[in-house]
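**Q** Encoded as structure tokens, here's the structure I'll be asking about.
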Amino acid sequence: MESGDVSNLTVPLMKLILRGDLISRKTMSGSGWFLLILTVILSALGPVTASTLTDLEFERSPATVISSLGKPVTMHCALKGTGGEEEDPPDVLWLRDSTPLQYADTNQFQVHTGSNSWTIMSTLSIEKVQLPDMGSYRCAVLSESHQILSEEGSIQLEGLPHFSVEPQHMSVVANVTLSLSCVAHGPPEPVRVIWLQDGAPLNSLADPVALSPSTLNLTGLNRTSTFSCEAHNRKGVATSGSGTITVLPSQPQNLRAVEITQTSLRLSWQPGFGGDYPIIRCTVQAKHSGEPFAAGPDKMIHNQNVNIPPATHLIGDLEPHSLYTVRVACHSSQGPSDWSPWVELRTKEGVPENPPVNVTAVLNGTEVLMTWEGPPGKLNGELQGYMVEYSTPASQQFVVDTGLDTELSINLSVPLSNVSFRVCAYTGAGQGPWTTTQTLTLITPEMEEFRGPSSPPAFSWHWWYVVMAIAGAVSIAVLMAVYVAKLRRKETRFGEAFEPMMESGELVVRYRARRTYSRRTTEATLNSLGISDELKQKLQDVMVDRHKLTLGKTLGEGEFGSVMEGLLTQEESVLKVAVKTMKIAICTRSEMEDFLREAACMKEFDHPNVMRLLGVCLQTVESEGYPSPVVILPYMKHGDLHSYLLYSRLGDCPVYLPSQMLVKFMTDIARGMEYLSSKNFIHRDLAARNCMLNENMNVCVADFGLSKKIYNGDYYRQGRISKMPVKWIAIESLADRVYTTKSDVWSFGVTMWEIATRGQTPYPGVENSEIYDYLRQGNRLKQPPDCLDSIYALMFSCWLLSPKDRPSFESLRCELEKALEDLPDPQDPDEILYVNMDESSMELGAVGGRDPIGVPSPLCLKGLDSVTTVEVHHPNRYVLCPQHETNRALSDSLESLDMPVSSSTATLPLQPSCHSTPNPTPSSDADCRAAGGQGRVQKNALAVMASLLKNEWAILSPQSKS
1 MESGDVSNLT
11 VPLMKLILRG
21 DLISRKTMSG
31 SGWFLLILTV
41 ILSALGPVTA
51 STLTDLEFER
61 SPATVISSLG
71 KPVTMHCALK
81 GTGGEEEDPP
91 DVLWLRDSTP
101 LQYADTNQFQ
111 VHTGSNSWTI
121 MSTLSIEKVQ
131 LPDMGSYRCA
141 VLSESHQILS
151 EEGSIQLEGL
161 PHFSVEPQHM
171 SVVANVTLSL
181 SCVAHGPPEP
191 VRVIWLQDGA
201 PLNSLADPVA
211 LSPSTLNLTG
221 LNRTSTFSCE
231 AHNRKGVATS
241 GSGTITVLPS
251 QPQNLRAVEI
261 TQTSLRLSWQ
271 PGFGGDYPII
281 RCTVQAKHSG
291 EPFAAGPDKM
301 IHNQNVNIPP
311 ATHLIGDLEP
321 HSLYTVRVAC
331 HSSQGPSDWS
341 PWVELRTKEG
351 VPENPPVNVT
361 AVLNGTEVLM
371 TWEGPPGKLN
381 GELQGYMVEY
391 STPASQQFVV
401 DTGLDTELSI
411 NLSVPLSNVS
421 FRVCAYTGAG
431 QGPWTTTQTL
441 TLITPEMEEF
451 RGPSSPPAFS
461 WHWWYVVMAI
471 AGAVSIAVLM
481 AVYVAKLRRK
491 ETRFGEAFEP
501 MMESGELVVR
511 YRARRTYSRR
521 TTEATLNSLG
531 ISDELKQKLQ
541 DVMVDRHKLT
551 LGKTLGEGEF
561 GSVMEGLLTQ
571 EESVLKVAVK
581 TMKIAICTRS
591 EMEDFLREAA
601 CMKEFDHPNV
611 MRLLGVCLQT
621 VESEGYPSPV
631 VILPYMKHGD
641 LHSYLLYSRL
651 GDCPVYLPSQ
661 MLVKFMTDIA
671 RGMEYLSSKN
681 FIHRDLAARN
691 CMLNENMNVC
701 VADFGLSKKI
711 YNGDYYRQGR
721 ISKMPVKWIA
731 IESLADRVYT
741 TKSDVWSFGV
751 TMWEIATRGQ
761 TPYPGVENSE
771 IYDYLRQGNR
781 LKQPPDCLDS
791 IYALMFSCWL
801 LSPKDRPSFE
811 SLRCELEKAL
821 EDLPDPQDPD
831 EILYVNMDES
841 SMELGAVGGR
851 DPIGVPSPLC
861 LKGLDSVTTV
871 EVHHPNRYVL
881 CPQHETNRAL
891 SDSLESLDMP
901 VSSSTATLPL
911 QPSCHSTPNP
921 TPSSDADCRA
931 AGGQGRVQKN
941 ALAVMASLLK
951 NEWAILSPQS
961 KS
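Take the sequence shown: its letter number 411 is residue 411 in the UniProt record's numbering, and every next letter is one higher.
See below:
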């Protein structure tokens, strides 16, 4: 190829390069050096024709543009030149800071200004200008010997400051010194920074620390805080992102063992400083010394949370003379501290587990040579030696320490005498078990060895005397038992139990048999129930003598059992209790064992808001094949919470329960469930029906699985799955049958809704079989009409889809206690307990509350029932109480609320509806409505209360659960 041909190709090739048509964008992703080198190489091949670029000059250069971030920017330049039309116009190249713009959005067009002159207009467009676009701009054209450059323009950005460094989230220990950085840029400059802690400013713009880049030095930070910064310039203010500094406890110190035994280590440590957040618990981990430090929790032999104070913990079930490593981390409400360094501790020595083996004795003339082997299994320490005990009929017993030797030579003082011997190993902690005593019998001189257990001892008259004494004692005991049985049988005969006597000249009958319990009760033991040994062991310390329990009237009866009143005789008092029994005839052995297992679980509870177990006893029913278990529980005066709430709304005389009392009920349940969760106990059936009210109106969480057979209406059987309370159960438990503490939190939210609605059934109108789909669609229980927003927010947080997002019972208890403190005290006794005598003709609300005063109550109209029956639960859940029980319950409720009664009281605290008593009264319906409209009582309050107690009340009382 000739030089002219090369020259003709150079300029078009350069044009293609400048336009980016020859080399792809990926190839030209460098900074422009590749383009420059290629241009030089092409130029060396041949000079550019002189007529290509002649008389070129820029008649317009890029201007200086001042704009803001994100705004569009356009720059222009114009190139003037001369030449024929057959010549291709040169390409204008845009440079930023002397670097070619490879991918810029440029556009150029040629305008002929004469027969031999033209002007090229080139435009650079930036759709949204950014910080990298700032700099100096100029246009360039490459000639054969040099490049032609335009005047320099620039793009300058002015606007709100932007941040290059912002506060970040981090965790620090309490009382530590740290620094935070915040860097903001203009233009325009200068930029000054104001630091914010939890939204409050920490400095002013005049402070030296305000000039960007700014560094905030913090010392003694003891509270978790959120930091951010504001950047100021003359264009305005910009706010950075927030960084939360979480204050965690410092590392525990002085981890050591204060007590070391063969199988346990008692640890003590000093918890770290948690700042404003107290240390609530510590986690103790222990592992064998040989395990790697990076082993997970499943490799730990001990991993347990410990409530503090005190900062001590006992690690048991360890092996003697073994080396362990332990560490501790403590937790506050903000999170855990760092682990303490691993500390190596060794348990004390123990004795060998097994005796020596292969013990032999060989006769060698007048000597007996004994040999043995070391004990198998664990030595539990360092072996110190062996002890040999031997004796002959003609000599006393000898004990010889052989050290670590495994043989011993015994000299016989009398030839051919028998030798009895045994061996044990010992460590620094003591002797291990002895081998079985063996005897070397020497009958003839030819017998050299005999091994085996010793022969039976000769008959001894001493043992004969012992056997005779035992037989005589047993015979006397049997005779006495027969005599007592006949005597008691005689006392219960009619003809002998009632003897005719003369008193004041008349025949009388005197009853002598005082005991009414079954004669076979004393023979009923746990062994006769056929339950597991583990369950029997758990029930041993809660068994109560059946003779100490006196049964009273039946409080309620269900399909599978009943609840009765009872009196439990104690050492110095008699306690009123509730007695729960089972109907053995219709219950299987496994159901009875479940009944007792739940009772055994309750014996560990000791909290004022958790039902505790008083005892278990057995009673024998003549018609049953084996004894019936009886569980003794505290007597709950006001029954279960659901029935109490339902009666306050649907009873003959509805009772208004103030918000303070409802929130107190929720708080009591939260305290009880917090205690149960701390014991790693999952209730699985938390509902208002399973919470009881005692005489002090305190709620106790109860029925830990014992009532599954009773409230069948609240359970749904899906396929072969056992019945579940689907309207109370968590959504993940419905799907996977997985129960955790967070599933109890879901049930607690439903229970709060029950309390807020005063006993309504959750999800009305939704079938049990539809609940899962209903919840998966995002539906939840609606806010009750008179429920506080803060209380409903707590309820709703219990129903979050992810269990880990739900609050703990500890946080629920704290929030409820705070809400209870924020509520105002009731203004007068009417807000604590009263009956709406002047209700409007509106339908009774499902959630209770007060209606406007002055409108007659529908309860006082003729021909209307005082209570509308609604089938909320299965039939016979509610029973009618007798009149004397009604009056007593009314007076007890008033006493428990501490209502003052004075002659100045103008409002009637509690009054039955006009149709709640069957006794005729002289007042007419009009009089009743008039009295209700006025809302006042003309008589003394004490006289009114006395008259109330004389009326007959049809009180709905909850049927106790069996």
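Just so you know, even glycine gets a beta-carbon here, dropped at the ideal spot from N, CA and C.
Is it right to say residue 323 is buried, meaning 16 or more other beta carbons lie within 10 angstroms of its own, or is it exposed?
**A** Translated into positions along the sequence shown, residue 323 becomes position 323. It is exposed - the Cβ of residue 323 has fewer than 16 other Cβ atoms within 10 Å.
**Q** Restricting to Cα atoms, I'd like to know which of 213, 204, 181 is closest to residue 191.
**A** In the sequence shown, the residue the question calls residue 191 occupies position 191. Among 213, 204, 181, the Cα nearest to that of residue 191 belongs to 213.
**Q** So, using beta-carbon positions, are residue 334 and residue 177 closer together than 8 Å?
**A** Walking along the sequence shown from the start, residue 334 turns up at place 334. Walking along the sequence shown from the start, residue 177 turns up at place 177. No; because the gap between Cβ atoms is not below 8 Å, this pair is not in contact.
**Q** 8 Å is my cut-off, CB to CB: does residue 258 come that close to chain C?
**A** Annotation note: the requested chain C is absent from the structure, which comprises a single protein chain.
**Q** Would you call the CB atoms of residue 756 and residue 729 closer than 8 Å?
**A** Translated into the one-based positions of the sequence shown, residue 756 becomes position 756. Translated into the one-based positions of the sequence shown, residue 729 becomes position 729. Not a contact, by the Cβ cut-off of 8 Å.
**Q** What does the Cβ neighbour count give for residue 347, buried or exposed, with the cut at 16 atoms within 10 Å?
**A** Residue 347 sits at position 347 when you count from the first residue of the sequence shown. The residue is buried, with at least 16 neighbouring Cβ atoms inside 10 Å.
**Q** Could you give the DSSP three-state label for residue 735: helix, strand or coil?
**A** Here residue 735 refers to the residue found at position 735 of the sequence shown. Residue state, collapsed to three classes: helix.
**Q** Name the one or two DSSP bridge partners that residue 81 has.
**A** As a first step, residue 81 is located in the sequence shown; it is residue number 81 there, counting from the start. In the DSSP output, where bridge partners are listed per residue, residue 81 has 118.
**Q** What whole-angstrom Cβ distance do residue 601 and residue 704 have, given they're in contact under 8 Å?
**A** The sequence position of residue 601 within the sequence shown is 601, counting from 1. The sequence position of residue 704 within the sequence shown is 704, counting from 1. About 6 Å; that satisfies the 8 Å criterion.
**Q** Give the single residue among 671, 761, 778, 686 whose Cα lies nearest to the Cα of residue 809.
**A** On the sequence shown, residue 809 is found 809 positions in, with the first residue counted as 1. Considering only alpha carbons, the answer is 671.
**Q** Leaving aside the five residues before and after residue 125 along the sequence, list all residues of the same chain whose C-beta is less than 6 Å from its C-beta, in chain order.
**A** Walking along the sequence shown from the start, residue 125 turns up at place 125. Hits under 6 Å: 74, 105.
**Q** Say whether the region 640–652 touches the region 572–587, bearing in mind that this needs 3 or more beta-carbon pairs closer than 8 Å, one atom from each stretch.
**A** Not touching, per the Cβ criterion.
**Q** Measure from the alpha carbon of residue 134 to the alpha carbon of each residue in 186, 146, 727, 656, then state which is nearest.
**A** As a position in the sequence shown, residue 134 is number 134, starting the count at 1. The option with the nearest alpha carbon to residue 134 is 186.
**Q** Thinking just about the alpha-carbon of each residue, which of 543, 736, 727, 752 is nearest to the one in residue 765?
**A** Numbered from its first residue, the sequence shown carries residue 765 at position 765. It is 727 whose Cα lies nearest to the Cα of residue 765.
**Q** Measure how close the beta-carbons of residue 428 and residue 382 come, nearest whole angstrom, since I'm counting them as under 8 Å.
**A** The residue given as residue 428 occupies position 428 in the sequence shown. The residue given as residue 382 occupies position 382 in the sequence shown. With a Cβ gap of about 6 Å, residue 428 and residue 382 count as contacting.
**Q** Leaving out five residues before and five after residue 59 in sequence, what residues of the same chain have Cβ atoms less than 6 Å from its Cβ?
**A** The residue labelled residue 59 in the question sits at position 59 within the sequence shown. 78, 80, listed in sequence order.
**Q** Compare the beta carbon distance of residue 420 and residue 435 with 8 Å and say whether it is the shorter of the two.
**A** Your numbering for residue 420 matches position 420 in the sequence shown. Your numbering for residue 435 matches position 435 in the sequence shown. Against a cut-off of 8 Å, the Cβ pair of residue 435 and residue 420 comes out as no contact.
**Q** Which class does residue 59 belong to by DSSP, given the choice of helix, strand or coil?
**A** Here the question's residue 59 lines up with position 59 in the sequence shown. Three-state DSSP puts residue 59 in a strand.
**Q** Give the range of the beta strand (DSSP E) segment to which residue 66 is assigned.
**A** For the purposes of this step, residue 66 is identified with residue 66 of the sequence shown, where counting begins at 1. Note, residue 66: beta strand (DSSP E), 64–67.
**Q** State the DSSP-derived secondary structure class of residue 888, mapped to helix, strand or coil.
**A** As a first step, residue 888 is located in the sequence shown; it is residue number 888 there, counting from the start. Below a pLDDT of 50, predicted positions are generally treated as unreliable, and residue 888, at 43, falls in that range; the measurement from the model is reported next regardless. Helix at residue 888.
**Q** Answer with buried or exposed for residue 107, where buried requires no fewer than 16 other C-beta atoms within 10 angstroms of its C-beta.
**A** Counting from 1 along the sequence shown, the entry for residue 107 is found at position 107. It is exposed - the Cβ of residue 107 has fewer than 16 other Cβ atoms within 10 Å.
**Q** Straight-line CA distance for residue 218 to residue 175?
**A** For the purposes of this step, residue 218 is taken as residue 218 along the sequence shown, with counting starting at 1. For the purposes of this step, residue 175 is taken as residue 175 along the sequence shown, with counting starting at 1. Each residue's alpha carbon lies about 9 Å from the other.
**Q** Extract the residue ranges of the beta strand (DSSP E) inside the UniProt domain "Fibronectin type-III" (351–447), only unbroken runs of 3 or more that lie entirely within it.
**A** Listed in chain order, the complete beta strand (DSSP E) runs (minimum 3 residues) inside the UniProt domain "Fibronectin type-III" (351–447) are 357–364, 367–373, 383–391, 398–403, 407–411, 419–427, 438–440.
**Q** If you count every other CB in all the chains shown that lies within 10 Å of the CB of residue 366, and 16 or more means buried, which is it?
**A** Here residue 366 is taken as the residue at index 366 of the sequence shown, counted from 1. Label assigned to residue 366: exposed.
**Q** Give me the Cα-Cα distance between residue 62 and residue 153, rounded to the nearest whole angstrom.
**A** Position 62 of the sequence shown holds residue 62. Position 153 of the sequence shown holds residue 153. For residue 62 and residue 153, the distance between alpha carbons rounds to 5 Å.
**Q** Does residue 813 pass the burial test, meaning 16 or more other C-beta atoms within 10 Å, or should it be called exposed?
**A** Within the sequence shown, the letter at position 813 stands for residue 813. Buried is the call here.
**Q** With 16 other CB atoms within 10 Å as the buried threshold, where does residue 793 fall?
**A** Locating residue 793 in the sequence shown gives position 793, where the first residue counts as 1. Classification of residue 793: exposed, given that the 10 Å Cβ count is below 16.
**Q** What is the residue span of the alpha helix (DSSP H) that residue 748 lies within?
**A** Locating residue 748 in the sequence shown gives position 748, where the first residue counts as 1. Per DSSP, residue 748 belongs to the alpha helix (DSSP H) from 741–756.
**Q** Classify residue 742: buried if its beta carbon has 16 or more other beta carbons within 10 angstroms, exposed otherwise.
**A** Translated into positions along the sequence shown, residue 742 becomes position 742. Under this definition residue 742 is a buried residue.
**Q** Rounding to the nearest angstrom, what Cα-Cα distance links residue 197 and residue 138 in this structure?
**A** Mapped onto the sequence shown, residue 197 falls at position 197. Mapped onto the sequence shown, residue 138 falls at position 138. Those two C-alpha atoms are separated by around 47 Å.
**Q** Which ranges would you report for the alpha helix (DSSP H) in the region 550–637 if only whole runs of at least 4 residues count?
**A** List check, alpha helix (DSSP H) in window: 589–602.
**Q** CB residue 182 to CB residue 242, shorter than 8 Å?
**A** Here residue 182 refers to the residue found at position 182 of the sequence shown. Here residue 242 refers to the residue found at position 242 of the sequence shown. No, the Cβ-Cβ distance between residue 182 and residue 242 is not below 8 Å.
**Q** Please report the distance separating the alpha-carbon of residue 641 from that of residue 725.
**A** Translated into the one-based positions of the sequence shown, residue 641 becomes position 641. Translated into the one-based positions of the sequence shown, residue 725 becomes position 725. About 17 Å.
**Q** Less than 8 Å separating the beta-carbons of residue 171 and residue 215?
**A** Locating residue 171 in the sequence shown gives position 171, where the first residue counts as 1. Locating residue 215 in the sequence shown gives position 215, where the first residue counts as 1. Against a cut-off of 8 Å, the Cβ pair of residue 215 and residue 171 comes out as no contact.
**Q** Could you give the C-beta distance for residue 614 and residue 634, rounded to a whole number, given that I count them as a contact under 8 Å?
**A** For the purposes of this step, residue 614 is taken as residue 614 along the sequence shown, with counting starting at 1. For the purposes of this step, residue 634 is taken as residue 634 along the sequence shown, with counting starting at 1. Rounded, the Cβ-Cβ distance is 6 Å, consistent with contact.
**Q** Restricting to runs no shorter than 4 residues, where is the alpha helix (DSSP H) found entirely within the UniProt domain "Ig-like" (161–246)?
**A** For the UniProt domain "Ig-like" (161–246), not a single whole alpha helix (DSSP H) run of length 4 or above is found.
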